[in-house]
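Novice: Below is one structure. I have some questions about it.
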Amino acid sequence: MKPERLEFVLEEAGQRLDQAILRHLGDRLSRSQLQTLIRDGAVQVDGRQRKAGERLRGGEHIVLQLPGPDDTPGVLPESLPLQVIHEDEWFAVIDKPAGMVMHPGDHNERGTLVAAALSRWPALADMPGEPKRAGVVHRLDKDTSGLILLALQDSARRNLMRQFQERRVAKRYLALLERCPPASKGVIDAPIGRDPRQRQRMAVVARGKSAISDYRVLERDLPGGRALVEVRPRTGRTHQIRVHMAHIGCPIVADSVYGLRKQGLPLARQSLHAAGLTFTHPALLEELSFQSPLPADLRTLLNDLRRSRSD
Numbered sequence: 006m007k008p009e010r011l012e013f014v015l016e017e018a019g020q021r022l023d024q025a026i027l028r029h030l031g032d033r034l035s036r037s038q039l040q041t042l043i044r045d046g047a048v049q050v051d052g053r054q055r056k057a058g059e060r061l062r063g064g065e066h067i068v069l070q071l072p073g074p075d076d077t078p079g080v081l082p083e084s085l086p087l088q089v090i091h092e093d094e095w096f097a098v099i100d101k102p103a104g105m106v107m108h109p110g111d112h113n114e115r116g117t118l119v120a121a122a123l124s125r126w127p128a129l130a131d132m133p134g135e136p137k138r139a140g141v142v143h144r145l146d147k148d149t150s151g152l153i154l155l156a157l158q159d160s161a162r163r164n165l166m167r168q169f170q171e172r173r174v175a176k177r178y179l180a181l182l183e184r185c186p187p188a189s190k191g192v193i194d195a196p197i198g199r200d201p202r203q204r205q206r207m208a209v210v211a212r213g214k215s216a217i218s219d220y221r222v223l224e225r226d227l228p229g230g231r232a233l234v235e236v237r238p239r240t241g242r243t244h245q246i247r248v249h250m251a252h253i254g255c256p257i258v259a260d261s262v263y264g265l266r267k268q269g270l271p272l273a274r275q276s277l278h279a280a281g282l283t284f285t286h287p288a289l290l291e292e293l294s295f296q297s298p299l300p301a302d303l304r305t306l307l308n309d310l311r312r313s314r315s316d
């Protein structure tokens, strides 16, 4: 089908271009899809191309060339186990195991959380948006375990995505670090972007996006100078906690990308767990909190370290 032309006049001043368009379009495009369109020149502001993060004055005439419907096949449902800790008609909270990819992508077409969700909730296949991300409102890395929110209705998906975008969702992580931070608690305010030397990695870079993480040491003096910490990210940048911990010289144990070159502990994935989520119910408007204990592999490793310390 032919691309769709859409145009509107921006009324409110001070918005970023990408944010202004997302507010106008609602859920028709994801942020990454829109940024690709802007980079490819499919968005014009007063007849010329502008950057996604550029602030607008108000009154600009914006024209978009939206792609036609995606003719690529959707995700095939797979009957995979899911640990669902909450479910209602609007959303589900899932405790994702380490090793499970969120949605299909390069070299990860099967065994994803989306495929498992489509098997359990077939109506997700009819949800607007990208078929390969049906119901997804936020993500965890493949080898990070813990709590994931999955929208089961489109109205809930749009509401929850807005809560994440407006930083109204509180996230709590537990991480085992190779070294203990010098202070018992602190704030890491360091922008994150693509590593200019290795594009597959993220890094703290001067022109990166704002990234802020609060941390608190829960347990120190573990063997090797390691420590257990709680991290509460205020923003949601790719690999944010892993990059920030490495940036302050306290990388996450067993992180093969940002951690020590020579790993000293027997763990097959980074020791990072999404342990808590607090947000507003998308329909009932009440505050909800969910918790997830450390999974068996991280709990066993931590207990082994404690025993080694006491010996």
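Just so we're aligned: the sequence shown equals residues 6 to 316 in this note's numbering.
Glycine included, each C-beta is placed from N, C-alpha and C at the ideal position.
Leaving out the 5 sequence neighbours to the left and right, which residues in its chain are closer than 6 angstroms to Ala57 when beta-carbon positions are compared?
Specialist: Leu22, Asp23, Gln40, Ile43
Novice: Between the C-alpha atoms of Leu299 and Ala25, what's the straight-line distance to the nearest angstrom?
Specialist: The straight-line gap from Cα to Cα measures roughly 40 angstroms.
Novice: Among Ala208, Gly140, Arg204, Glu235, which residue has its Cα nearest to the Cα of Ser218?
Specialist: Looking at the Cα atoms, Glu235 is the closest of the given residues.
Novice: Where in the region 17 to 52 do unbroken runs of the alpha helix (DSSP H), each at least 4 residues long, occur, reported from the N-terminal end onward?
Specialist: 22 to 30, 36 to 44
Novice: I want to know whether the region 112 to 128 touches the region 49 to 64 - three or more CB-CB distances under 8 angstroms.
Specialist: no
Novice: State the beta-bridge partners of Lys190 as determined by DSSP.
Specialist: Arg221
Novice: Using the beta-carbon count (16 or more within 10 Å), is His66 buried or exposed?
Specialist: exposed
Novice: So, for Ser297: in the same chain, excluding its five sequence neighbours on each side, which residues have a beta-carbon less than 6 angstroms away from its beta-carbon?
Specialist: Asp100, Gly151, Leu152, Ala280
Novice: Taking the beta strand (DSSP E) that His252 belongs to, which residues open and close that run?
Specialist: Per DSSP, His252 belongs to no beta strand (DSSP E); it is in the alpha helix (DSSP H), 245 to 252.
Novice: Alpha carbon to alpha carbon, how far is Pro201 from His249?
Specialist: Each residue's Cα considered, the two are about 17 angstroms apart.
Novice: So, with DSSP's three-state summary, where would you put Thr149?
Specialist: coil
Novice: What residue does the beta strand (DSSP E) around Asp100 start on, and which one ends it?
Specialist: 96 to 101
Novice: Mapping the DSSP letters down to three states, classify Lys176 as helix, strand or coil.
Specialist: strand
Novice: Confirm, please, whether the CB-CB distance from His252 to Met207 is below 7 angstroms.
Specialist: no
Novice: Could you have a look at Asp76 and say whether DSSP puts it in helix, strand or coil?
Specialist: Unreliable placement is indicated for Asp76, whose pLDDT of 46 sits below 50; no coordinate value is reported for it.
Novice: Check each candidate in Ser189, Ala188, Tyr263 and name the one with the smallest Cα separation from Val209.
Specialist: Tyr263
Novice: If you compare alpha carbons, which of Leu69, Arg304, Leu15, Arg36 is closest to Glu9?
Specialist: Of Leu69, Arg304, Leu15, Arg36, the residue nearest in Cα terms is Leu69.
Novice: From the DSSP output, in three-state form, read off Val142 for me.
Specialist: coil
Novice: So, helix, strand or coil for Gln296, using DSSP?
Specialist: For Gln296, the secondary structure class from DSSP, reduced to helix, strand or coil, is strand.
Novice: In three-state terms, what does DSSP make of Gln70?
Specialist: Taken through DSSP and simplified to helix, strand or coil, Gln70 comes out as strand.
Novice: Residues in its own chain within less than 7 angstroms of Arg125 by CB, not counting five upstream and five downstream?
Specialist: Leu87
Novice: What whole-angstrom Cβ distance do Leu154 and Leu282 have, given they're in contact under 8 angstroms?
Specialist: The C-beta distance from Leu154 to Leu282 rounds to 7 angstroms, short enough to fall under 8 angstroms.
Novice: Identify whether Leu165 lies in helix, strand or coil by the three-state DSSP scheme.
Specialist: Helix.
Novice: Looking only at its chain, what residues have a beta carbon closer than 6 angstroms to the beta carbon of Gln275, apart from the 5 residues adjacent to it on each side?
Specialist: Asp148, Ile257, Ala259, Asp260
Novice: Tell me which same chain residues have a C-beta within less than 6 angstroms of the C-beta of Ala156, skipping the five on either side of it?
Specialist: Phe96, Gly140, Val142, Arg162, Leu165
Novice: Locate the beta strand (DSSP E) running through Ala279, then write down its first and last residues.
Specialist: 277 to 285
Novice: What's the C-alpha gap between Val80 and Ala232?
Specialist: Computed Cα separation, rounded: 40 angstroms.
Novice: Using only alpha-carbon positions, find the residue among Gln49, Pro196, Ile90 that is nearest to Arg212.
Specialist: Pro196
Novice: Which term fits Leu289, buried or exposed, when burial requires 16 or more other beta carbons within 10 angstroms of its beta carbon?
Specialist: So Leu289 counts as exposed.
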